[in-house]
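J.:
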Amino acid sequence: MNDRNHLSKVSSTTSVNIIEDGIVDIPMLQLLNEDGELLKGAVAPELSQDQATRILKTMEYIRLLDERMIAAQRQGRISFYLACTGEEAATTASAAALFEHDMIMSQYREQAALAYRGYTTEQFMNQMFSNRLDPNKGRQMPIHYGDKALNFMTISSPLGTQIPQASGYAYGQKLQGNDAVTICYFGEGAASEGDFHAGLNMAAVLNCPVIFFCRNNGYAISTPAEEQFAGDGIASRGIGYGIKTIRVDGNDALAVFIATQQAREIALKDKCPVLIEAMTYRLAAHSTSDDPTGYRSKEEEAKWRLKDPINRFKQWVIGKGWFDEAEHEAYITKSREDILAAVKTAEKVAVCDIDDLVNDVYDTVPWHLEEQLTHLKTHIKKYPDNYPKTSAEVK
Amino acid sequence: MNDRNHLSKVSSTTSVNIIEDGIVDIPMLQLLNEDGELLKGAVAPELSQDQATRILKTMEYIRLLDERMIAAQRQGRISFYLACTGEEAATTASAAALFEHDMIMSQYREQAALAYRGYTTEQFMNQMFSNRLDPNKGRQMPIHYGDKALNFMTISSPLGTQIPQASGYAYGQKLQGNDAVTICYFGEGAASEGDFHAGLNMAAVLNCPVIFFCRNNGYAISTPAEEQFAGDGIASRGIGYGIKTIRVDGNDALAVFIATQQAREIALKDKCPVLIEAMTYRLAAHSTSDDPTGYRSKEEEAKWRLKDPINRFKQWVIGKGWFDEAEHEAYITKSREDILAAVKTAEKVAVCDIDDLVNDVYDTVPWHLEEQLTHLKTHIKKYPDNYPKTSAEVK
Amino acid sequence: MAKMNLLQAINNALITEMERNEKVVVFGEDVGHFGGVFRATSNLQEKFGKDRCFNSPLTEQGIIGFANGLAAQGSFPVAEIQFADYIFPAFDQIVNETAKWRYRSGGQFSCGSLTIRTPYGGGIHGGLYHSQSPEAYFAHTPGLKIVVPRNPYQAKGLLLASMRDDNPVLFMEPKRLYRAAVSDVPEEDYTLPLGKADVVEEGSDITLVAWGAQVEVVQQAAAMAREDGVSCEVIDLRSILPWDAQRISESVMKTGRLLINHEAPQTGGFASEIAATIQDKCFLYLEAPIARVCGLDTPYPLAHEKEYMPDHLKTYEAIKRTMNY
Amino acid sequence: MAKMNLLQAINNALITEMERNEKVVVFGEDVGHFGGVFRATSNLQEKFGKDRCFNSPLTEQGIIGFANGLAAQGSFPVAEIQFADYIFPAFDQIVNETAKWRYRSGGQFSCGSLTIRTPYGGGIHGGLYHSQSPEAYFAHTPGLKIVVPRNPYQAKGLLLASMRDDNPVLFMEPKRLYRAAVSDVPEEDYTLPLGKADVVEEGSDITLVAWGAQVEVVQQAAAMAREDGVSCEVIDLRSILPWDAQRISESVMKTGRLLINHEAPQTGGFASEIAATIQDKCFLYLEAPIARVCGLDTPYPLAHEKEYMPDHLKTYEAIKRTMNY
Ligand SMILES: Cc1ncc(C[n+]2csc(CCOP(=O)(O)OP(=O)(O)O)c2C)c(N)n1
Ligand SMILES: Cc1ncc(C[n+]2csc(CCOP(=O)(O)OP(=O)(O)O)c2C)c(N)n1
Ligand SMILES: [Mg+2]
Ligand SMILES: [Mg+2]
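Residue numbers (the UniProt record's numbering), protein chains in the order written: chain L, 1 to 395; chain E, 1 to 395; chain W, 1 to 325; chain A, 1 to 325.
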């Protein structure tokens, strides 16, 4: 047994040295100014035209999707929606910096990452309309996407739970020698959960190749960041866990891209976690159930609207000469049509079979669920009008 | 509604700035060298002779108590014990820096703080023998002390739970205008629990006058600190919460005293939490159920034995001319006799009445517990030999 | 008297108690300035200041841990958990701490002044994580009280009683009634007893027991059964822990039949406790097996929510089966 | 065959599976080098390396969160919770995550490969926090399996089955038998079925159901009753979820009487589910009320542990009451 000495690295002093907040400056990485021009001294990451335009299109697509789905919710076509307006760069550019075989574990406001991976409009709609084509079999509320083929873990509502899970997932990847990392997205609100503490500490101690990506968008529903924590954002916590940390302007796609790319490299090479705090703003309402006028001013929102991440990146892409106005217009028009069409298609698709009410609780259906299902079918047969979604199939 | 800007204090940079562990140096406050001499440049706190000798005596008393109770456990007289050998200065001197009306919420290895408050040998024994004089009514395992009159919250085994509780307790003290703080003790192991994160963050955001006192003694049962966290101890976490933090040599009673005194002043004046990390070493086995030879070397222990906190402080007290050898000897002899006598007395005291099996579940005994108790009494009457502790009273 | 919905009745009870007892402190996620995501705590911060009504950081274990300490200190915390589905991170603080505090300290300290409010239940298209009814998880925990109101009048009286009761109370609010249930509520102070069931309709053939939003479901079924000439005694249990076994027994001794309805999955649900106790207390009176009409033993679904729920039709059918046994 | 105590049988099962399946990863507080506070994981780190058997930081919610992710990734985590009393910080991860993972993802992902091991139960002078039997808290959770062995032979076979079963299993180990129970255990690989009860003694007058360490308590009572001429059928439930209602029903249809014994408090304990189900399935066969012999509805005490426990004498008395009903 080697002798251990938990004091070996500690220096000493004879004066009462109070360590205060603000002792470390954690600056925010920013490459583009608000007009999309490269800042003095900034070096743009290597980004191909293809990647850049894919990032841009994904952001524009998602903004459109968000708008259309909020409208669909208002029309009563879906029960719930949650937009990521203002945060498109943070999620799109970080996803772009990953490899396809990296696992994404998200909170719920990262639809852009999923879209970047190639989730189709039809797939989005099937989930949101809880129809039989939804891979979740219509069991979860709208926006709780998940797709095994795309390495995007199914979203679950309880906040923060994915954080220690991501550490475990990454540990498994490492153990099996996969050249892959896990990225774990969460909000600055969720970072108050005990699971955050557990997840980051375990990842640090157990050397898990996981990227903790915090979207600090200033709010957790109505609760402003200043009522969420008293330290210097989420980045300052990295120090306490001994986790390498990068703070980045979340509205600057270029900065997010390079930060995530480097984080990925470090995570894989050093077999360790990296924490990224992306500073952004939730321009959207928390969800369609929320009304932000109850807790923040229009002026505040307006200020942030000026920092629009899409426009900023677009200007840069234009500056690179990679932007084709006509192609772009066509893409947007086509996407709008696709979305409208997909809504109409998806809402007509029936829900899953009644058997799917009891499938997947276990690997196979146990006796008591068989009993309950049989009983239920008999009942539905008796009152077909009261169970219109399923009565047809149990006739 | 005031506009908020969670970025207002954040600077920016164009280069990928990775914040790494070790970026902050958190030195450890130390006033006495290992021979009990004041270090060069060190200023001793104002400590009266009375206080100093009370600290010293408490430490010696506790070491004695620990030895005797470990022996009592070996003899099968009590079922369990847990010593604080090596950590006496951390708990005694911190308790000495408080006021009597400050609340103490401890983990379980802080018997010295309780002794300093005036808990008597008889009281210790009644708890450990689970007899009817135990204020907990014999319901908890040995060492789970609690005393309302001494403002010492009853200990509970689940680790870390007292941390957010202490924040809440302190909030209540503040709200009611009491000029008091709460001190919350815990180990570096317990600091991995989610409750630690919740408790510190809430205290910081809600401005609670609470002192978080971490005993970093290098081990959580068999798990060394290096497998518990990867950062710079527990102190480095203070930064992330925006909590003022002091690291102190836990084996230096003078340093612990002044750190706690200052922490108390800050907590009261600024209405805020303060984190203290006391660097020490668990010389004892984790508990009487543990055998450390399975996970650490005798050599390692020997090194720490040289840093004995009692001897160090004693030398200083001697240096002050405050030490009276004869008085001291008498105190130790008397204490030893007291302990032996108290063991003999306490083990003869009967357990609580059978009614106390159902009392205190609620404020009054509800119908179903009345029913269960009646039933139980009838049963005991039938089989008196099998319930020797209670059969006499239900005759 | 004023017409109030369930949310308004709760808000009214909170105001009443905060005025009466200045040690009452209300907090939870978004409960401060915004007044809670359901607005149950509207205007409290404005009226009583930020010290007594505030947002907490997003941590349920922290909220209850903090509340436990505050209660032990002598304040009267009313902690909100935004949805009952999110109460589980606080399970340890509730089950190991809140509930056992008085007992383990021999009555020296307690969390008796604590009230935990949380919206629960389905029927709102909430899927797995906005629909659960976790009362049975807590009902296995000596030291807790669990209370569920069925309408605004009950809500105010029971919540006031809960805040004043010297035991920790988990107060579960049927959220699908928040705005749907409207009734006359006295503006003055009043309390309703904890631990006592409430006979909502008297009857002689079968006893139907439910709580919260399911009481009206069971009443609907009772009305259908009445058409068939079956007289149902409908009882709102109101308190899940400790529960009023006496009142239920008396009823079953009269009717000879018992049906229990709840939203939570059947296995290990609180209906099992009622059935186990009543088959023991009323063995010789029972003319048919005690029926349970509950949620299925699955996570709470979305597309098949209607099929999952123990609705009036399933209850009606079970009444018939029990009558014809 | 080798004589093993319960701990050795568990250790043996872990070694067997870690050799067979290199994706098995064992971790928890102190389980690494030290081999766990009860030494159930002795030598595993030595044999299989630090990557596959390691200490975790002291955080139960982290242990299970981590294990969930690891299971979803395709590894086979065996997570230890040091005492069942300390499983509650992980309650959210187990109840909201582990149990619902497969369902919510439509079967795309699952935690089927996860096994959670934890020592539970009283009779060791452990007081409130080293004695609890929390099986009923989990039994209300669709998606979980819960397994409890009664002796070393059962332990090895059931643990191997649990680790191989494609569902998350909570494996609860009766710690007062860890060293006390010794039996012959095959050294080779074998499994025992999950979800199936085990008839320990056949009988014709009354069915006695228990699990874990209480099985032998019930057997003691059965022996006493036999002296009185009462023939008891003793059944070890083994799996609490899903449980073998069929086997219990068959037995009760034969004996006409049922008694269930468990250590956990009576209210909301798993005996209530068994009683509720069996009174329904066997209504016409029952000659007496189903009896529950359980812990009292208090936190687990220390000085009065003997009085609290559902021991053989209380069981014997309840058998007599049931027979003489
Ligand atoms: C455990 C848990 N508690 C509460 C909630 C309710 N809730 C949903 S979103 C939310 C705010 C989350 O804020 P943040 O993490 O900052 O993410 P953002 O919405 O800003 O993207 C809350 C409180 C939940 N889903 N889970
Ligand atoms: C929630 C919880 N998990 C596990 C345990 C078992 N346990 C008791 S003490 C201990 C180690 C604590 O270490 P630390 O906090 O460093 O305190 P120390 O013993 O070193 O004083 C453990 C794991 C517990 N009591 N509570
Ligand atoms: Mg946010
Ligand atoms: Mg320690």
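A virtual CB, placed ideally from N, CA and C, is assigned to each residue, including glycine.
Remember, it's a predicted structure, so these values are computed and weren't measured experimentally.
1. Tell me whether ASN136(E) is buried or exposed, calling it buried when 16 or more other Cβ atoms sit within 10 Å of its Cβ.
2. For a cutoff of 8 Å on Cβ pairs, would you count PRO57(W) as touching chain L?
3. As an exercise, report each continuous alpha helix (DSSP H) stretch of at least 4 residues that is fully enclosed by the region 137–180 of chain W, in chain order.
4. Skipping 5 residues on each side, what residues in its chain have a beta carbon closer than 8 Å to that of GLU202(W)?
5. Please tell me whether, using a cut-off of 7 Å, the distance from the CB of GLY250(L) to the nearest non-hydrogen atom of ligand 3 is below it.
6. Using the three-state DSSP reduction, which class does GLU393(L) fall into: helix, strand or coil?
7. I'd like the list of long-range same chain contacts for GLN261(E), defined as Cβ closer than 6 Å, with 5 residues on each side in sequence excluded.
8. Given 7 Å as the limit, tell me if LEU283(E) has its C-beta closer than that to any heavy atom belonging to ligand 5.
9. Considering only heavy atoms of ligand 1, does any lie closer than 7 Å to the CB of TYR120(W)?
10. Tell me whether ARG237(E), by its Cβ, gets closer than 7 Å to a heavy atom of ligand 2.
11. Can you list, in chain order, the residues of its chain with a C-beta nearer than 7 Å to that of residue 397(L)? Leave out the 5 residues immediately preceding and following it.
12. Just checking residue 326(A) against ligand 3 - is the residue's beta carbon closer than 7 Å to any of the ligand's heavy atoms?
13. Closer than 9 Å, Cβ to any Cβ of chain A: which residues of the region 155–180 of chain E, in chain order?
14. Write down every uninterrupted run of the beta strand (DSSP E) in the region 20–107 of chain E whose length is 3 residues or greater and which is fully enclosed by it, in chain order.
15. Got a sec: is the Cβ-Cβ distance from ARG104(A) to anything in chain L below 8 Å?
16. Between the C-alpha atoms of GLY172(L) and ARG52(A), what's the straight-line distance to the nearest angstrom?
17. Thinking just about the alpha-carbon of each residue, which of ALA71(L), THR85(L), GLY86(L) is nearest to the one in SER79(L)?
18. For the region 107–127 of chain E against the region 317–333 of chain E, do three or more pairs of beta-carbon atoms, one drawn from each stretch, fall closer than 8 Å, so that the two count as touching?
19. May I ask which residues mark the beginning and end of the beta strand (DSSP E) holding GLY295(W)?
20. At a CB distance below 7 Å, what residues from the region 258–274 of chain L approach chain E? Give them in sequence order.
21. Leaving out five residues before and five after VAL24(A) in sequence, what residues of the same chain have Cβ atoms less than 6 Å from its Cβ?
22. Just grab the DSSP bridge partners of LEU258(W) for me.
23. Could you name the residues of chain W that CYS184(L) contacts, counting a contact when the two beta carbons are closer than 9 Å?
24. Kindly give me the distance between the Cβ atoms of VAL274(E) and ILE211(E), rounded to whole angstroms, as I take these residues to be in contact under 8 Å.
25. State the start and end residues of the unbroken beta strand (DSSP E) segment that holds LEU6(W).
26. Short of 8 Å in beta carbon distance, which residues of its chain neighbour ILE143(E), apart from the five on each side in sequence? Order them along the chain.
27. Using only the heavy atoms of ligand 2, determine whether one of them is closer than 7 Å to the beta carbon of PHE186(E).
28. Would you please verify whether the beta carbon of GLY32(W) is less than 8 Å from any beta carbon of chain E?
29. Use the C-beta contact count for GLY22(E): other C-beta atoms within 10 angstroms, 16 or more gives buried, fewer gives exposed.
30. Evaluate contact between the region 82–92 of chain E and the region 300–315 of chain E, counting only Cβ atoms and requiring at least three cross-stretch pairs below 8 Å.
31. According to DSSP, is GLY28(A) helix, strand or coil?
32. Closer than 7 Å by C-beta to ARG282(E): which residues in its own chain qualify, once you throw out the five before and the five after it? Chain order, please.
33. Tell me which same chain residues have a C-beta within less than 6 Å of the C-beta of ALA318(A), skipping the five on either side of it?
34. Closer than 8 Å between beta carbons: that is the criterion. Which residues of the region 213–240 of chain E meet it against chain A?
35. What do you get for GLN82(A), buried or exposed, if any count of 16 or more other CB atoms within 10 angstroms of its CB means buried?
36. Please state if the CB of ALA161(W) and the CB of LEU128(W) are separated by a distance shorter than 8 Å.
T.: Checking against the coordinates, here is how it stands:
1. buried
2. yes
3. 152–164
4. Once the five neighbours on either side are set aside, the close Cβ partners of GLU202(W) are GLU233.
5. Flag unset: Cβ of GLY250(L) not near ligand 3.
6. GLU393(L) falls in the helix class under three-state DSSP.
7. ALA97
8. Of the ligands one can find in the structure shown, namely ligand 1, ligand 2, ligand 3 and ligand 4, none is ligand 5.
9. no
10. no
11. Shown here, chain L extends from 1 to 395; a query on residue 397(L) therefore has no answer.
12. The structure shown does not extend to residue 326(A), since chain A is modelled only from 1 to 325, so the question has no answer here.
13. SER156, SER157, PRO158, LEU159, GLY160, THR161
14. With a minimum length of 3 residues, the continuous beta strand (DSSP E) runs that stay inside the region 20–107 of chain E are 103–105.
15. yes
16. 10 Å
17. The residue with the shortest Cα to Cα distance from SER79(L) is ALA71(L).
18. no
19. DSSP places GLY295(W) in the uninterrupted beta strand (DSSP E) bounded by 291–295.
20. Legend: CB atoms of the region 258–274 of chain L lying less than 7 Å from CB atoms of chain E belong to residues ILE258, ALA259, GLN262.
21. GLU17, MET18, PHE76
22. THR207(W)
23. None at all; the shortest Cβ gap to chain W is about 16 Å.
24. Going by Cβ atoms, the distance from VAL274(E) to ILE211(E) rounds to 5 Å, so yes, they are a contact pair.
25. Premise fails: LEU6(W) lies in the alpha helix (DSSP H), 6–20, not in any beta strand (DSSP E).
26. PHE80, TYR81, LEU82, TYR108, GLN111, GLN127, MET128, ILE155
27. yes
28. no
29. exposed
30. yes
31. DSSP places GLY28(A) in strand when its eight states are reduced to three.
32. GLY86, GLU87, ASN217, GLY218, TYR219
33. LEU259, ALA291, VAL293
34. ALA220, ILE221, SER222, THR223, GLU227, GLN228, PHE229
35. buried
36. no
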